[in-house]
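*Asks:*
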Amino acid sequence: MNRIKKTFDLIKKSNRKALGIFVTAGDPDFETSLKLITSFPDNGVDFIEIGMPFSDPMADGPSIQLSSQRALKSGMSLEKCLSLIKIFRTKNNHTPIILMGYYNPIYKFGKEKFIKNCVDLGVDALIIVDLPPEEDNEFYFEAEKNRLSMIRLVTPTTDKKRLKKILFNATGFVYYVSITGITGTQAPNIKSVENNIKMIKQTTNLPIVIGFGIRSPAQAAQMSSTCDGIVIGSAIVDLIKKSIDNIGNSSDEKLISCLEFTKKISKVLQHN
């Protein structure tokens, strides 16, 4: 049984909702990023989305764009991102890892080489935001053939016909983008979310998680009442930014605020 299915099965039996956290690999530097990622599972995090830094992250809001810039400035690359996961897996072999990003760096790296590295290092799934279902022949089928799940994104503007196309080959879980536009710039509308989650549930039996725009325990509790889990990204990335001093170094003491925040979110998800 793969890690994603096993994790969601255990969470369902525990009558709670899953917490996923997004961070950009190498933000603000390799060592700090590794400390956070290895600490998340002991602080209420069920799965981790790791952003692959990219110079032109068009779907991301200002916070995550800046995190990519900080990571690239510190020397982060796709190779170093993969090595981050390799080290993580020596310490943790049960928490699902999802790599999220854009296709350009993967294409330059070599898609077959990238897929093999992901499988060998213990990556469970990918979210490639700029590869729609029409491009499945480009990458999707090769990844799935190697048992590397490709998580599908569904947006508030997705209609029923499009939804069926998006979810036809879906595995892992469904990622519902709760807002229109870029990440971290507005709050989701709960009524719209509820209606769209109902439509998705009529199309798939996969777990559904909600991301984009969730920034507080209250929002987390509200959103999670409609789905199987939530993802928080920009709020964590902003806390990482606050931990950085004027010369670009991150304070361990201030980074604790990230872990305290994930524990607070996890606590409210225990009761939904």
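Numbering (our numbering), first residue to last: 22 to 293. Ideal placement from N, C-alpha and C gives every residue a C-beta, glycine not left out.
Quick check: the Cα distance between Gln145 and Cys139, rounded to an integer number of angstroms?
*Replies:* The sequence position of residue 145 within the sequence shown is 124, counting from 1. The sequence position of residue 139 within the sequence shown is 118, counting from 1. Note that residue 145 corresponds to Asp in the displayed sequence, not to Gln. Looking at the two C-alpha atoms, the distance is approximately 8 Å.
*Asks:* Determine, using beta carbons only, whether Met97 and Pro83 come nearer to each other than 8 Å.
*Replies:* Indexing the sequence shown from 1 puts residue 97 at position 76. Indexing the sequence shown from 1 puts residue 83 at position 62. In this structure, Pro83 does not lie closer than 8 Å to Met97 by Cβ.
*Asks:* State the beta-bridge partners of Thr45 as determined by DSSP.
*Replies:* For the purposes of this step, residue 45 is identified with residue 24 of the sequence shown, where counting begins at 1. Looking at the DSSP output, Thr45 sits in a beta bridge with Gly72.
*Asks:* By Cβ distance, which residues of its chain are closer than 6 Å to Asp151, with the 5 residues on each side in sequence left out?
*Replies:* Along the sequence shown, one-based indexing puts residue 151 at 130. Once the five neighbours on either side are set aside, the close Cβ partners of Asp151 are Tyr123, Tyr124.
*Asks:* First and last residue of the alpha helix (DSSP H) that includes Met244?
*Replies:* Position 223 of the sequence shown holds residue 244. Annotation: the continuous alpha helix (DSSP H) that includes Met244 extends over 238-245.
*Asks:* Tell me the DSSP secondary structure of Met97 in three-state form.
*Replies:* On the sequence shown, position 76 is the one that residue 97 refers to. Here Met97 sits in coil by DSSP.
*Asks:* To the nearest angstrom, how far is it from the Cα of Phe29 to the Cα of Tyr196?
*Replies:* Taking the first residue of the sequence shown as 1, we reach residue 29 at position 8. Taking the first residue of the sequence shown as 1, we reach residue 196 at position 175. Approximately 14 Å, taken between the alpha carbons.
*Asks:* Just how far apart, CA to CA, sit Ile42 and Arg236?
*Replies:* By 1-based counting over the sequence shown, the position of residue 42 is 21. By 1-based counting over the sequence shown, the position of residue 236 is 215. Take the alpha-carbon of Ile42 and the one of Arg236: they are about 11 Å apart.
*Asks:* Taking 8 Å as the threshold (C-beta atoms), are Ile149 and Phe160 in contact?
*Replies:* The residue given as residue 160 occupies position 139 in the sequence shown. The residue given as residue 149 occupies position 128 in the sequence shown. Closer than 8 Å, so yes.
*Asks:* Using only CA atoms, which one of Asp273, Gly250, Lys185, Leu31 lies nearest to Leu55?
*Replies:* Your numbering for residue 55 matches position 34 in the sequence shown. Checking every option, the nearest Cα to that of Leu55 belongs to Asp273.
*Asks:* If Ala256 and Val289 are in contact, beta carbons under 8 Å, what's the gap, nearest whole angstrom?
*Replies:* Against the sequence shown, residue 256 aligns to sequence position 235. Against the sequence shown, residue 289 aligns to sequence position 268. 14 Å between Cβ atoms; not a contact.
*Asks:* What residues in its chain sit with their C-beta under 6 Å from that of Ile231, if we drop five residues either side in the sequence?
*Replies:* By 1-based counting over the sequence shown, the position of residue 231 is 210. Once the five neighbours on either side are set aside, the close Cβ partners of Ile231 are Tyr197, Ser199, Met244, Cys248, Ile251.
*Asks:* For Arg91, count the other beta carbons within 10 Å of its own beta carbon; 16 or more makes it buried, fewer makes it exposed. Which is it?
*Replies:* Within the sequence shown, residue 91 is the residue found at index 70, counting from 1. Buried.
*Asks:* In the region 140-206, which residue ranges form an unbroken alpha helix (DSSP H) of at least 4 residues, counting only runs that do not cross its ends?
*Replies:* 161-166, 181-188
*Asks:* On the DSSP bridge list, what partners appear for Gly65?
*Replies:* Numbered from 1 along the sequence shown, position 44 holds the residue referred to as residue 65. Gly65 pairs with nothing; no bridge assigned.
*Asks:* Is there contact between the region 177-197 and the region 206-226, where contact requires at least three CB pairs shorter than 8 Å?
*Replies:* Yes: at least three Cβ pairs fall under 8 Å.
*Asks:* Apply the 10 Å Cβ neighbour rule to Arg24 and answer buried if 16 or more other Cβ atoms are within range, or exposed otherwise.
*Replies:* Position 3 of the sequence shown, counted from the first residue, corresponds to residue 24. So Arg24 counts as buried.
*Asks:* Quick check on Thr111: buried or exposed, where buried means 16 or more other Cβ atoms within 10 Å of its Cβ?
*Replies:* Counting from 1 along the sequence shown, the entry for residue 111 is found at position 90. It is exposed - the Cβ of Thr111 has fewer than 16 other Cβ atoms within 10 Å.
*Asks:* Find out if the Cβ-Cβ distance for the pair Leu304, Ile71 is shorter than 8 Å.
*Replies:* Here the chain has residues from 22 to 293 only, and residue 304 is not among them.
*Asks:* Suppose you measure from the CA of Lys262 to the CA of Ser95; what does that come to, to the nearest Å?
*Replies:* Translated into positions along the sequence shown, residue 262 becomes position 241. Translated into positions along the sequence shown, residue 95 becomes position 74. Pairing Lys262 with Ser95, the inter-Cα distance amounts to about 14 Å.
*Asks:* Which residue from Ile211, Leu184, Leu103 puts its Cα closest to that of Lys137?
*Replies:* Taking the sequence shown and counting its residues from 1, one reaches residue 137 at position 116. It is Leu103.
*Asks:* Using the three-state DSSP reduction, which class does Ile235 fall into: helix, strand or coil?
*Replies:* What you label residue 235 is simply residue 214 of the sequence shown in a count that begins at 1. Ile235: coil per DSSP, three-state reduction.
*Asks:* Am I right that Gly65 and Leu31 are in contact with their C-beta atoms under 8 Å? What's the rounded C-beta distance?
*Replies:* Residue 65 sits at position 44 when you count from the first residue of the sequence shown. Residue 31 sits at position 10 when you count from the first residue of the sequence shown. The pair is not a contact, with the Cβ atoms about 14 Å apart (cut-off 8 Å).
*Asks:* Between Leu174 and Asp266, what straight-line distance do the alpha-carbon atoms span, to the nearest angstrom?
*Replies:* Translated into the one-based positions of the sequence shown, residue 174 becomes position 153. Translated into the one-based positions of the sequence shown, residue 266 becomes position 245. Leu174 and Asp266: Cα-Cα distance of roughly 35 Å.
*Asks:* Let me know if Lys33 comes out buried or exposed under the rule of 16 or more other beta-carbons within 10 Å of its beta-carbon.
*Replies:* On the sequence shown, position 12 is the one that residue 33 refers to. Exposed, because fewer than 16 other Cβ atoms sit within 10 Å of the Cβ of Lys33.
*Asks:* Looking only at its chain, what residues have a beta carbon closer than 6 Å to the beta carbon of Pro154, apart from the 5 residues adjacent to it on each side?
*Replies:* As a working mapping, residue 154 is identified with position 133 in the sequence shown. When the five nearest sequence neighbours on each side are left out, the beta carbons in the same chain lying within less than 6 Å of the beta carbon of Pro154 are those of Lys186, Ile187, in order along the chain.
*Asks:* Given Leu169, which residues of its chain have a CB within under 8 Å of its CB, disregarding the five upstream and five downstream residues?
*Replies:* Numbered from its first residue, the sequence shown carries residue 169 at position 148. Cβ neighbours of Leu169 beyond the five flanking positions: Ile136, Cys139, Val140, Val144, Asp145, Ala146, Leu147.
*Asks:* Between which two residues does the beta strand (DSSP E) holding Ile251 run?
*Replies:* Looking up residue 251 in the sequence shown gives position 230. That run of the beta strand (DSSP E) goes 250-253.
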